[in-house]
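Line by line, the protein sequences give chains A and B.
Just so we're aligned: the first sequence equals residues 1 to 502 in this note's numbering.
Just so we're aligned: the second sequence equals residues 1001 to 1151 in this note's numbering.
Just so you know, even glycine gets a beta-carbon here, dropped at the ideal spot from N, CA and C.
Small disclaimer: the values here were computed from a predicted structure and weren't measured.
One structure is given below, encoded as structure tokens.
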Amino acid sequence: MDILNNLIIGFQVALTWTHLFYALVGVLLGTLIGVLPGIGPVATIAMLLPITFNLSPVAALIMLAGIYYGAQYGGSTTAILVNIPGESSSVVTCLDGYQMARQGRAGPALAVAALGSFFAGCVATLIIAVAAPPLAEVALKFGPSEYFSLMVFGLVAATVLAHGSLIKAIGMVVLGLLLGIIGTDVNSGVLRFTFDIPELSDGVGFVIVAMGMFGTAEIIANLELKDKREIFTSKVSHLYPSMADFKRSWGPVMRGTALGSFLGILPGGGALLASFGAYTLEKKLSRYPEQFGKGAIEGVAAPESANNAGAQTSFIPMLTLGIPSNAVMALMIGALMIQGIAPGPQVMNEKPQLFWGLIASMWVGNLMLVVLNLPLIGMWVKLLTVPYRYLYPSILVFMAIGVFSLSNNPFDVLVMAFFGVFGYICVKLECEPAPLILGFILGPLMEENLRRAMLLSRGDPFVFFQKPISLGFMIASAILLVLVALPAIRKKREEAFVEEAK
Amino acid sequence: MKIKSPKEFWSGAMFVGVGMFFLIWAATHYQMGTAVRMGPAYFPVVLGGLLAVLGVAVLLEGLALEGPAVPQFHFRPLILISAGCVAYGYLMKPLGLVGATAALVFISAYGGHEFKWKEVTILYIVLMAFSWLVFVKGLTLPFPVWPAAFE
């Protein structure tokens, strides 16, 4: 059994003390920022990237991955107890989770969320282990034209699944691609759009862009709102769900896991879409749809399993193809590059320890989350009483240190502030920052592959439609765009996001 | 002409502006090359043009369809948070971690809703101690701790 052998390699790596330690740090940090509203995994991972420079690649990835799926656990805690989604992916958990808490059933809600997430985490880990190697095998045969088409497909899918206006999302992708071009052109050595600023010759660091757009912009936007946070301080008694709860939950957990795993693999997918999709599905299938929004346990079980599954399977395209499916994965690719590892299908063969160690650590991390989080819930809730006016200067200090330490250059901090202002304008204009980040990280790769493909085909642009794999991606992109542009589906999509935003 | 949906209109205007800027700058400063051998200007010119076209579409949508107004900008947090970060970066070398952190904490805290000297001072001391312990001692990042004049 290949998979078994591989998993054994993985667990040998994941179960060393150092890696257990970093997995623990990751999941604890993830839970922490998941609990705290106003700071998400993107800003946190961006903040910690410079620090991972001192770690081994395996330790760095294990920790950063832990933050992402840990945040999904943490987000559910605050959603249920305080009706505040600590993380955007737990928005729907608020609907029924908080109602359950008000009925004195906070314990079962938290337990079902945690156990559902754990189940989803185990399944998703297995899916990655089974699905990744064949995908990487296929990806190894990719030439420049296939890669280019794949990236087009990824970006199209990312915009289709983004909130709000489709054209604006595509615009943000293109804007990101353009910003990614800034710096030295690898082919000609020409400095492009650097305006004689020496710091720009290596391009704008994407950590800096991510921190500005997701960190400072978010803080500025949060400061507009008055600090109003009331804690629902009921004692969390009898944690364990009744038999009836179990009976009602296992179906939604299974379906949530399946849907979440699938949506996570799609480019642009991940935890957010997964949780929302799972909630809608359960509401449609349920025998008691009238209970949804009034404390139905299915409304907690399904989205919480789905977001954890989605968070994990979104690693598949990143690990096998080197293509990020969301902003967090873009940062993971950044982490690999900092370590001098070129992301792509070769990683699995060349660095089996890294690849399988990361996968095994996800399972270990999920176990830690279940074991640690249920007893620690009281502590996490206490943290919520910390007012935002203490929190945001602290977040700013960590971001500033992180950015400054990249190259000990004040210019980097200036650029972060610039993107903070730009991100704030984008918030006001309802332009999504996530597609921009994806475009930004793919910009140089796309240009490089486009150039190579065109050189190989002697300038024939139809090369993208002649090779079968490349053609497949192009057709898939076109279908996606046409589907979304169709009035009926367009309306559905808008409704979906409106409901989610509530 | 009346702007019916300001959010769309200004997003479109932004896209057109940025797209045209990249297009014109690339076309006038770098070599285009051919489709076979693309010069440094090729990709930005194509993308800049695409962004401008998308921008026009969004802009026209803003003129044609009713939509919500752009929410008000709150300049106090916007300016003070950004200024705090910039101050941190540029004060690090002359004033060290002690001075830079002070600038960031006090300026950004002033951008919030409440500002109490005592609270912010305590917060500053805690953050300063934490930064020093974790980043300077723990991770050995090469930050100057004290102002350059004292070293």
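Methionine 399 of chain A sits away from glycine 121 of chain A, with the two beta carbons spaced by 8 Å or more. With a cutoff of 8 Å on beta-carbon distance, phenylalanine 404 of chain A and valine 413 of chain A are scored as near each other.
The C-alpha of proline 461 of chain A lies about 10 Å from the C-alpha of leucine 455 of chain A.
Just measuring C-alpha positions, the residue of A:Val209, A:Phe246, A:Gly365 and A:Ala327 sitting nearest valine 25 of chain A is A:Gly365. Under the three-state reduction of DSSP output, glycine 295 of chain A falls in the coil class, being neither helix nor strand. Counting every other CB atom within 10 Å of its CB across the protein chains shown gives isoleucine 51 of chain A a total of 16 or more, marking it as buried. Leucine 191 of chain A is bridged by DSSP to A:Thr184. Sequence-ordered contacts of the region 403-434 of chain A with chain B read Val403, Phe404, Ser405, Asn408, Asn409, Pro410, Phe411, Asp412, Val413, Leu414, Met416, Ala417, Phe418, Gly420, Val421, Tyr424, Ile425, Cys426, Val427, Lys428, Leu429, Glu430 and Cys431 [C-beta pairs closer than 9 Å]. The DSSP assignment places complete alpha helix (DSSP H) segments of no fewer than 4 residues inside the region 1024-1083 of chain B at 1042-1064, in order along the chain.
Counting the other CB atoms within 10 Å of its CB gives leucine 140 of chain A a total below 16, which places it among the exposed residues. Remark: C-beta atoms of aspartate 96 of chain A and alanine 274 of chain A do not approach each other more closely than 8 Å. By the Cβ rule, the region 334-346 of chain A does not count as touching the region 274-289 of chain A, because fewer than three pairs are nearer than 8 Å. A straight line joining the alpha-carbon of phenylalanine 411 of chain A with that of glycine 1089 of chain B spans about 7 Å. For phenylalanine 206 of chain A, the enclosing alpha helix (DSSP H) starts and ends at 206-210.
Nearest to alanine 342 of chain A by C-alpha distance, out of A:Arg287, A:Val27 and A:Pro57, is A:Pro57. In the displayed model, aspartate 412 of chain A falls within a helix according to three-state DSSP. Contact of leucine 177 of chain A with chain B by beta-carbon distance below 7 Å involves Leu1047. Around the CB of threonine 1034 of chain B, fewer than 16 other CB atoms lie within 10 Å, so the residue is classed as exposed. Straight across, the Cα-Cα distance linking isoleucine 33 of chain A with methionine 1032 of chain B is about 47 Å.
Of all C-beta pairs linking the region 1107-1127 of chain B to the region 436-450 of chain A, fewer than three are shorter than 8 Å, placing the two stretches out of contact. Runs of the alpha helix (DSSP H) lying entirely within the region 16-79 of chain A, each at least 4 residues long, are 17-35 and 41-52 in chain order.
Each of A:Leu64, A:Gly40, A:Asp2 and A:Ala79 was checked against the Cα of tyrosine 22 of chain A, and the nearest Cα belongs to A:Leu64. In summary, the residues of the region 459-480 of chain A whose CB is separated from some CB of chain B by less than 9 Å are Gly459, Asp460 and Pro461, in the order they occur in the chain. Scanning A:Gly423, A:Ala271, A:Gly472 and A:Val112 for the CA closest to the CA of alanine 71 of chain A turns up A:Ala271.
When Cβ-Cβ separations below 8 Å define contact, asparagine 54 of chain A makes contact with chain B. Counting along the chain, the unbroken alpha helix (DSSP H) around methionine 318 of chain A starts and ends at 315-321. DSSP places leucine 281 of chain A within a helical segment (H, G or I) once states are collapsed to three. A distance below 8 Å between beta-carbons, with the five flanking residues on each side excluded, links serine 165 of chain A to the following residues of its chain, in chain order: Glu430. Contact between the region 174-188 of chain A and the region 1033-1047 of chain B is established, with three or more Cβ pairs separated by less than 8 Å.
Closer than 9 Å at the C-beta level to chain B, one finds these residues of the region 389-404 of chain A: Arg389, Tyr390, Tyr392, Pro393, Ser394, Leu396, Val397, Phe398, Met399, Ala400, Ile401, Val403 and Phe404. Aspartate 196 of chain A carries a coil assignment under DSSP once its states are collapsed to helix, strand and coil. Valine 82 of chain A and tyrosine 98 of chain A have their alpha carbons spaced roughly 7 Å apart. For tryptophan 250 of chain A, the uninterrupted alpha helix (DSSP H) run begins and ends at 243-265, by DSSP. Neighbours of methionine 1038 of chain B in chain A, taken as residues whose beta carbon is under 9 Å from its own, are Asn187, Glu447, Leu450, Arg451, Met454 and Leu455 in chain order.
Contact between alanine 1129 of chain B and isoleucine 1107 of chain B fails: their C-beta atoms lie close to 20 Å from each other, not under 8 Å. Remark: C-beta atoms of glycine 1099 of chain B and leucine 1080 of chain B do not approach each other more closely than 8 Å.
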